[in-house]
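S.K.:
Number of protein chains: 2
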Amino acid sequence: MTIPFNKPFIIGDELKYIEEAVKSGKISGDGLFTKKCQNFFEEKYSFPKVLLTTSCTDALEMAAILCDIKEGDEVIVPSYTFVSSANAFALRGAKIVFVDSYSDNPNIDPREIEKHITPKTKVIVPVHYAGVACDMEAIMNLAKQHDIFVVEDAAQAIDSYYTFADGTKKALGSIGHFAAFSFHETKNIIAGEGGMLVVNDEKYFERAEIIREKGTNRSAFFRGEVNKYGWVDLGSSFLPSEIISAFLYAQLENLDKIQSKRIDIWNRYMNGLNDLMEKGDIKLPIIPNYSTNNAHMFYMVCRSYEERTALIKYLKEKDILSVFHYLSLNKSDFFLKNNLEIDIPNSDNFTDSLLRLPFYYELTEKEQNLIIEEIKVFFDA
Amino acid sequence: MTIPFNKPFIIGDELKYIEEAVKSGKISGDGLFTKKCQNFFEEKYSFPKVLLTTSCTDALEMAAILCDIKEGDEVIVPSYTFVSSANAFALRGAKIVFVDSYSDNPNIDPREIEKHITPKTKVIVPVHYAGVACDMEAIMNLAKQHDIFVVEDAAQAIDSYYTFADGTKKALGSIGHFAAFSFHETKNIIAGEGGMLVVNDEKYFERAEIIREKGTNRSAFFRGEVNKYGWVDLGSSFLPSEIISAFLYAQLENLDKIQSKRIDIWNRYMNGLNDLMEKGDIKLPIIPNYSTNNAHMFYMVCRSYEERTALIKYLKEKDILSVFHYLSLNKSDFFLKNNLEIDIPNSDNFTDSLLRLPFYYELTEKEQNLIIEEIKVFFDA
């Protein structure tokens, strides 16, 4: 029996709610279950406004339109991230400025951000890697000082928090101007593909709704605020089907159960692999004091590309599927078409050496023990 | 009991297939059911390449990227259409050139297209209104003559065909360079929200896949054609969740059953309202000889805005929900921000006078007879 890297799951009333949605007479976007999901997030995490989208990518694209990105604007993005963090802004004509991570944490380093701010910088995109918070206080201070938007790429960061120096604790996604979350099948809470935009500044609420509704003021029309609705702005169809929202809502009803299980899984990896870390064979995740741990992912960092490749191969022979993650975007073909090659060493190190272990709701203790055991066997050899 | 304008439905194994998708271990995009749907369409309609998307809007946006729309390019679109037909190109910086419909058919009039072609025209977007074919032979001839792309907005046009002068019959969506279809809950085949792009020219297959996969060559990687995948182009996340594709596939298995029922509904309206047409009270749809009828919608055209408003009100009092459709896009706030007001009379007439009657799979003969009866009572009064 292979232990996959990821495994989607049904945990509650997913199918029942889909049937209910159909029977309610509306399965296009913004029906009952979309509203239930949005309300859930707004209440639980004090997000001022939540709009479900078809993907985290789409939520980032909405943010890019809301930031009014124009040809030549600069957007600061970590090099170690998923393509969408950059693509969403590149699509609007932005010049992407890639910066480095910390050496011991894949998150973007605010000191590196500061070095790359110019008068053209319009947005900073902190990506909360593995659900671990970026240093949002430092980033927000930079943004304020230079009058720059902050779009949190919170794809992996559901149910995680940042604590400010004064002790204030805020949910990731509620700190920047906008934030984008994912419900892709690999995330803690899933809908196969899916996402949401969080809008933290009230002055963008109305335009966010319009952009999401194909550039029309349809939402205001249904609330009776305007007499007819029409084309008033750029926009796209960012609304998920109610089939997606119904599935998602059943997952949300079980959020605490899912999170508690995932934290157990995470801790079991951490404890199980601690010896190897102490021996210096591997590095394990660091959770800074200002961040909580949402147990989105468990990764380890090998000493080299070759070692990681050998470990992946070894585990695969044992029917355990472990996977590497991002490739430094500054070395991508698309970036190098228009830019010179630059050196972003920490990102390159994570590109070469970071390994993600199987992690999903139904992963059993027995399977996990086997994975830990095999990793130890590999390093003992 | 109210007769709604539309009503989504479960017809077969929708829920079973969703459960199967989850159990298969993959519900993110491009899983088993997405492939089944794509194969179904490619085989049934001889579409060279089909890519499911999260909406018809998204498929149009993919087409706009594939056409390499740049700031200032002109795109010819009927004024009587959904905002997405224009928005998808406006998002890429195009200047939208709105043209008129025929006087007796909401489809774009090729003579009007010809008048508006300039050296900057890059794309023509024929919208097959109500699933009735635009005059594709005339449009393709114009496009060829001027080296212009044709993107069929086939949102409503599933299972409909065009016959060329030489007798060749081709499915709508297979004639232009690209075509976009919708599976929105109001369409013949539904997934709540959903769509697909058809790519008819082989030379765009690879780039279409890349754009759909966030600008990465991931599809080629999974086919073993490249060693690793990375960021190679602009792109977005256009893939639907397998939850959507599983739902859709169950509908596709019942396509013939759905179509046969819809054609009965359509004919019943046509026959039932024929008297009123002959008396000159209303106009009814015209299906040109070159087009089939896919029974997507039943509309009638009143003599005035006032008469239509009164009829909607009358039917609503009888618990029958009928609805008007598009508002001429050349009169939208967004267009008028950057353009002078122009006169597009036939589009304005359909804006004011076209009325859509309740039309869905589960509409009963009894309900339909009631609707027809009440319309007659209204006009007799």
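In order, the protein sequences belong to chains A and B.
Under this note's numbering, think of the first position of the first sequence as -11, with each following residue one higher.
Under this note's numbering, think of the first position of the second sequence as -11, with each following residue one higher.
Glycine included, C-beta positions come from ideal geometry on N, C-alpha and C.
With a threshold of 7 Å between beta carbons, is histidine 172 of chain A in contact with chain B?
M.R.: Judged by the 7 Å Cβ criterion, histidine 172 of chain A is in contact with chain B.
S.K.: Is the shortest distance between the beta-carbon of asparagine 75 of chain B and the beta-carbons of chain A less than 7 Å?
M.R.: Chain A contact via Cβ: present.
S.K.: Rounded to whole angstroms, what is the Cα-Cα separation between threonine 69 of chain B and leucine 39 of chain B?
M.R.: Cα-Cα distance, rounded: 23 Å.
S.K.: Between which residues of its own chain and histidine 284 of chain A is the CB-CB distance below 6 Å, once the five residues before and five after are set aside?
M.R.: So the qualifying residues of the chain are Ala118, Gly119, Gln144, Asn176.
S.K.: Apart from the five residues on each side of it in sequence, which residues of its chain come closer than 7 Å, Cβ to Cβ, to alanine 74 of chain B?
M.R.: Counting only Cβ-Cβ distances below 7 Å, and skipping sequence neighbours, we find Val65, Ile84, Leu317.
S.K.: According to DSSP, simplified to helix, strand and coil, what is proline 228 of chain A?
M.R.: DSSP places proline 228 of chain A in coil when its eight states are reduced to three.
S.K.: Beta-carbon of lysine -5 of chain B versus every beta-carbon of chain A: anything under 7 Å?
M.R.: It does; some Cβ of chain A falls within 7 Å.
S.K.: Spatial neighbours of asparagine 334 of chain B within its chain, please: C-beta separation below 7 Å, excluding the five flanking residues on both sides.
M.R.: These residues qualify, in order along the chain: Asp88, Ser89, Tyr90, Ser91.
S.K.: Should phenylalanine 235 of chain B be flagged as near chain A, meaning a C-beta pair shorter than 7 Å?
M.R.: It does; some Cβ of chain A falls within 7 Å.
S.K.: Identify which residue in A:Glu194, A:Trp219, A:Glu201 has its Cα closest to the Cα of glutamate 213 of chain A.
M.R.: It is A:Glu194 whose Cα lies nearest to the Cα of glutamate 213 of chain A.
S.K.: Does the stretch -1 to 13 of chain B come close enough to the stretch 15 to 24 of chain A to have 3 or more Cβ pairs within less than 8 Å?
M.R.: The stretch -1 to 13 of chain B, when compared against the stretch 15 to 24 of chain A, does not touch it at the 8 Å Cβ threshold.
S.K.: Counting only runs of 3+ residues fully inside the stretch 235 to 289 of chain B, write out the beta strand (DSSP E) ranges in chain order.
M.R.: For the stretch 235 to 289 of chain B, whole beta strand (DSSP E) runs of length 3 or above, ordered along the chain, are 287 to 289.
S.K.: Return helix, strand or coil for arginine 344 of chain B, following the three-state DSSP convention.
M.R.: Correct three-state label for arginine 344 of chain B: strand.
S.K.: Is there a Cβ of chain B sitting closer than 7 Å to that of threonine 45 of chain A, yes or no?
M.R.: Output row for threonine 45 of chain A: interface = yes.
S.K.: When the Cα atoms are used, what is the spatial distance from arginine 80 of chain B to phenylalanine 171 of chain B?
M.R.: If I take the Cα positions, the gap works out to 24 Å.
S.K.: If you measure beta-carbon to beta-carbon, which residues of the stretch 284 to 300 of chain A are closer than 7 Å to chain B?
M.R.: Here the close residues number zero.
S.K.: Strictly under 7 Å for the Cβ-Cβ distance: is threonine 42 of chain A near chain B by that measure?
M.R.: Threonine 42 of chain A counts as touching chain B.
S.K.: Can you tell me whether DSSP reads glycine 106 of chain A as helix, strand or coil?
M.R.: For clarity, residue 106 of chain A is threonine in the given sequence; the question names glycine instead. Three-state result, threonine 106 of chain A: coil.
S.K.: What does threonine 204 of chain A touch in chain B if you count any residue whose Cβ is under 8 Å from its own?
M.R.: What threonine 204 of chain A touches in chain B: Val71.
S.K.: Which residues in the same chain as asparagine 281 of chain A place their Cβ atom closer than 6 Å to its Cβ, once the five residues preceding and following it in sequence are excluded?
M.R.: Answer for asparagine 281 of chain A: Ile275, listed in chain order.
S.K.: Over what stretch of residues does the beta strand (DSSP E) that includes lysine 37 of chain B continue unbroken?
M.R.: Its beta strand (DSSP E) spans residues 37 to 41.
S.K.: Could you work out which residues of chain B lie near serine 229 of chain A, taking near to mean beta carbons separated by less than 7 Å?
M.R.: Correct list: Ala179, Gly180, Glu181, Gly182, Ile232.
S.K.: Under 8 Å Cβ-Cβ, which residues of chain A neighbour serine 225 of chain B?
M.R.: Neighbours of serine 225 of chain B on chain A, chain order: Thr42, Ser43, Cys44, Thr45, Asp46, Ser72, Glu181.
S.K.: List, in chain order, every chain A residue whose beta-carbon is nearer than 7 Å to that of serine 16 of chain B.
M.R.: In chain order: His172, Glu173, Gly180, Glu181.
S.K.: So is glutamine 133 of chain B buried or exposed if we call it buried at 16+ other beta carbons inside 10 Å?
M.R.: By the neighbour-count rule (16 or more Cβ atoms within 10 Å), glutamine 133 of chain B is not buried but exposed.
S.K.: So is proline 114 of chain A buried or exposed if we call it buried at 16+ other beta carbons inside 10 Å?
M.R.: Result: buried.
S.K.: Confirm, please, whether the CB-CB distance from isoleucine 146 of chain A to phenylalanine 169 of chain A is below 7 Å.
M.R.: It is a contact, given that the beta carbons lie within the stated cut-off.
S.K.: Taking the beta strand (DSSP E) that threonine 22 of chain A belongs to, which residues open and close that run?
M.R.: Segment 20 to 33 is the alpha helix (DSSP H) holding threonine 22 of chain A; no beta strand (DSSP E) there.
S.K.: State buried or exposed for glutamate 190 of chain A, treating a residue as buried only when at least 16 other CB atoms are found within 10 Å of its CB.
M.R.: Answer is exposed; the Cβ neighbour count stays below 16.
S.K.: How big is the Cα-Cα spacing for phenylalanine 322 of chain A and leucine 222 of chain B?
M.R.: Cα to Cα, phenylalanine 322 of chain A sits roughly 8 Å from leucine 222 of chain B.
S.K.: Please state whether DSSP places methionine 387 of chain B in a helix, a strand or coil.
M.R.: Nothing can be reported for residue 387 of chain B, as the shown portion of chain B is limited to -11 through 369.
S.K.: Does the distance from the CB of asparagine 95 of chain A to the CB of cysteine 122 of chain A come in under 7 Å?
M.R.: Taking 7 Å as the Cβ cut-off, asparagine 95 of chain A and cysteine 122 of chain A qualify as a contacting pair.
S.K.: Over what stretch of residues does the beta strand (DSSP E) that includes threonine 151 of chain A continue unbroken?
M.R.: From DSSP, the beta strand (DSSP E) with threonine 151 of chain A extends over 149 to 151.
S.K.: According to DSSP, is alanine 179 of chain B helix, strand or coil?
M.R.: Of the three classes helix, strand and coil, the one that applies to alanine 179 of chain B here is coil, per DSSP.
S.K.: List the residues of chain A whose Cβ lies closer than 8 Å to the Cβ of glutamate 7 of chain B, in chain order.
M.R.: The contacting residues are Ile(-2), Leu3.
S.K.: DSSP state of valine 71 of chain A, grouped into three classes?
M.R.: DSSP places valine 71 of chain A in helix when its eight states are reduced to three.
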